[in-house]
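Oh and the sequence shown: position 46 is 115 in my numbering, straight run, nothing missing.
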Amino acid sequence: MPRKVLYNICMGCGGCVGVCPFLALNLDKGYEVVVDTEMCTDCGTCTKFCPVGAIVEV
């Protein structure tokens, strides 16, 4: 299943956007990470990279 961003924890650093090998994450203008569920393959790279644990499996 695709990943979900816990916005109450996310710092908006955007680090996860740069490590996603499938380009499934984007940072919107409000510095919130948006997961493209069509592109997400649930590889878990973003979850492992997030320094505050704000990206979880749904």
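Every residue, glycine too, gets a C-beta built ideally from N, C-alpha and C.
- The Cβ atoms of Pro71 and Val104 lie closer than 8 Å to each other.
- Assigned with DSSP and collapsed to three states, Val121 falls in coil, not helix or strand.
- When secondary structure is reduced to three states using DSSP, Val104 falls in the strand class.
- With fewer than 16 other Cβ atoms from the protein chains shown falling within 10 Å of its own Cβ, Cys112 counts as exposed.
- Per the coordinates, the alpha-carbon of Glu107 lies some 24 Å from the alpha-carbon of Met80.
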